[in-house]
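What follows is a single structure, written as structure tokens, with notes after it.
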Amino acid sequence: MMLSSLLFIPLLGSLLVVLLPDSRKNVYKWITLVACSLELLVCGAIYAAFDPTQADYQLLERFDWISLPLGSLGVVSIDYLVGIDGISLPLVLLTGAVMLVGALSSWTIDKRLKAYHALYLLLTATIIGCFIALDFFLFFLFFEFMLLPMYFLIGLWGGPRREYASIKFFLYTLAGSVLILLVMISLYLSVMDPVETAINIGLIGDRSEITDDIIRQVQFLLADYKIQSQQLVHTFDLRYMAHGGNYLPDSFLGPTGEIIVFGLPSRMLAFLCVFLGFAIKLPVVPFHTWLPDAHVEAPTPVSVVLAGVLLKIGGYGFLRIGWGLFPDGAAEYALLLAGLGVISIVYGGFNALAQSDLKKMIAYSSVSHMGFVLLGIASLTSEGVNGAVYQMASHGVLSAMLFLLTGVLYDRTHDRRIDSYRGLASTMPAYTALTAIAFFASLGLPGFSGFVGELFTLMGSFQSLWLPGWMTAVATLGIILAAAYFLWTLQRMFFGPLWSRTEFTGQLTDLTARERLMLIPLAVLALLLGLFPNLLFNLSNATIAQWIQRFSVE
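Residue numbers 1386 to 1939, in my numbering, belong to the letters of the sequence shown in order.
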């Protein structure tokens, strides 16, 4: 029940916050901190229980949730099904760490405390749910419900244009969700649950009697049209959706994909819809415009969560659903995906270079760095996809650190403009040192995690059979641009005589104990992952090696 506890700990914490009287305001932050600390402890236990040599899903938990017979339409079956593999575990660990850091950062929130902490814990549960759900309906439920707390966290605690930013975030993500919903329904109608169907047709008495031979027998019967429609049990189980033998003959999304819609085979159209839905969340240029607005207006803890883990749901969802369920679409459109990834890398880098607002610069740098994730996935190579998973984890740590550093400065002066500061190193040495670490790690300095992720995505794209070599060459421009905007910002803000445009110059004190407690572990983690990348590669490699076999070229 370890995976379920990751869901119920923050949900119970959120409920406790709601039930406590308003007079206990100081308790809310402690409840959030304790809940997130327990989350991280459970993540550590899951890490210890995980077998990295196994490629399949582990720590599975399944309960029948909804079962509804519909006569000739078969049976509607929705399960509570959670599990992890080498792709999801690194992101579960990342979520545990970032949400705890965000909880510490939330101590500066001073209005509507009950609502804020209840929504923050609710957001924690929905994010974790996305990474562990193996039932498509359950995944979609978490994916959609996540919009609600994030919308309010930006809209109620954000900056002057918070309403605009929150509505834009909501509408963009909702538009992508509609596309994913259409594909989810189509998949459900096209796929059977071989175990429940075997029970329905009398091959076995209950689930405990199932064997691989029974499953193959049911699949053969399905392919030969020997199972009546009312005996079929449709499923949202992602494990069954990934196996072509479980698709109904001549179904809309069957493996043959011969149904033409808008001039495209149905499976290719479904793949593009899934990609577009998750590309908005990643985000991929040109679907990225909600991100800078959301970051600029969001309070610091929400920016930390948004950049640290929320964007990763886009990359994870595309890997798990787009890449996992439509490998034919991933191969067919690899060049398109890689091209959009390269555009995001370069476009995001140039935009970051042009910014005068520190938070907006970091937001555009996220667009650029997440472009490497898409490039690695599109390479369809073990190195590239491992690099993409690693890059998501690395960027989660570094972007959380960067937004925390921006929040430290903003809390003191209420000014985020880069040209409003000079010589901060003389009065804030610890802050300067940690900022330098975050900047150098983010621009890809060897020895830090940012270098490893970018290196492996570039290696994978360069040797990919689906991508031309010039794409990798263009993508390296992102590394040069990152060095330019990070080093230029470091030069302008931290060196020279002390000067500040604002009236709060005297308040430019160095880091407090709480701020050090947030930032130093992230800096150590970035260094640790950079020096020992196998800490993550050992988790993901077996799963990705198995997945990549479907793209092997004879």
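Beta carbons are placed, not taken as given, at the ideal position from N, Cα and C, and that holds for glycine. The model shown is predicted, which means the values in this text are computed figures rather than measured ones.
Query, Result
"According to DSSP, residues forming a beta bridge with Tyr-1806", "Ser-1885"
"Rounded straight-line distance, which links the Cα of Asp-1520 to that of Glu-1939", "Because the pLDDT at Glu-1939 is just 38, under 50, the model does not fix this residue reliably, and the value given afterwards should be weighed accordingly. Cα to Cα, the separation comes out at about 33 Å."
"Nearest residue (CA-CA) to Ala-1858, options Trp-1851, Tyr-1870 and Met-1844", "Met-1844"
"Range of the contiguous beta strand (DSSP E) that encloses Ile-1665", "Looking at the DSSP string, Ile-1665 is not in any beta strand (DSSP E); the run it does join, the alpha helix (DSSP H), is 1651-1666."
"For Ala-1716 and Gly-1707, believed in contact at Cβ under 8 Å, the rounded distance", "With 8 Å as the limit, Gly-1707 and Ala-1716 do not qualify as a contact, their Cβ atoms being about 12 Å apart."
"At least three beta-carbon pairs within less than 8 Å, the segment 1552-1564 to the segment 1595-1605", "no"
"Helix, strand or coil at Asp-1742 according to DSSP, with G and I counted as helix", "strand"
"Leu-1920 in three-state terms, based on DSSP", "helix"
"Runs of alpha helix (DSSP H) wholly within the segment 1759-1823 (minimum 4 residues, chain order)", "1767-1798"
"Trp-1851 in three-state terms, based on DSSP", "coil"
"Whole-angstrom distance between Thr-1798 and Ile-1933, CA atom to CA atom", "50 Å"
"DSSP three-state assignment for Met-1535, whether helix, strand or coil", "helix"
"Beta bridge counterpart(s) of His-1619 as assigned by DSSP", "Met-1577"
"Bridge partners - Leu-1453, DSSP secondary structure assignment", "Val-1461"
"Closest Cα partner of Pro-1918 within the set Leu-1453, Pro-1475, Gly-1639 and Pro-1454", "Pro-1475"
"Lys-1410 burial status per 10 Å Cβ neighbour count (16 or more: buried)", "exposed"
"Own chain, CB closer than 7 Å to Arg-1899, minus 5 neighbours either side, in chain order", "Leu-1489 and Trp-1492"
"Proximity winner among Gln-1439, Thr-1620 and Ala-1500, relative to Pro-1454 (alpha-carbon distances)", "Thr-1620"
"Other residues of its chain near Gly-1639: CB distance less than 7 Å, five sequence neighbours each side excluded", "Ser-1575, Tyr-1632 and Leu-1633"
"Cβ shell of Pro-1684 (< 7 Å), same chain only, five flanking positions each side left out", "Ile-1494, Trp-1542 and Gly-1543"
"Contact belief for His-1680 with Lys-1744 at Cβ below 8 Å, rounded distance in angstroms", "6 Å"
"Under the three-state DSSP convention, the category Val-1669 falls into", "coil"
"Buried/exposed call for Ile-1865, threshold 16 Cβ in 10 Å", "exposed"
"Ala-1683 (DSSP reduced to helix, strand or coil)", "coil"
"Counted within 10 angstroms of its Cβ, other Cβ atoms place Met-1746 as buried (16 or more) or exposed", "buried"
"Presumed contact (8 Å Cβ cut-off) between Ser-1562 and Phe-1522, rounded CB distance", "Not a contact, Cβ separation roughly 13 Å."
"Neighbourhood of Ala-1420 by C-beta distance below 7 Å, restricted to the same chain and skipping five residues each side", "Ile-1394, Pro-1395, Gly-1398 and Leu-1506"
"Ser-1614 classed as buried or exposed, judged by whether at least 16 other C-beta atoms fall within 10 angstroms", "exposed"
"Val-1837 versus Pro-1668: straight-line alpha-carbon distance, rounded", "21 Å"
"contact_flag[the segment 1695-1707, the segment 1647-1667] where n(CB pairs < 8 Å) is 3 or more", "yes"
"Given 8 Å, three or more beta-carbon pairs between the segment 1902-1914 and the segment 1771-1787", "yes"
"The segment 1682-1698 contacting the segment 1722-1739, beta-carbon criterion three pairs below 8 Å", "no"
"Cα-Cα separation, Ala-1778 to Phe-1825", "17 Å"
"Limits of the unbroken alpha helix (DSSP H) element including Phe-1521", "1521-1530"
"Classification of Val-1646 by the beta-carbon crowding that lies within 10 angstroms, buried from 16 upward", "exposed"
"Inter-stretch contact at 8 Å, needing at least 3 Cβ pairs: the segment 1846-1861 / the segment 1870-1882", "no"
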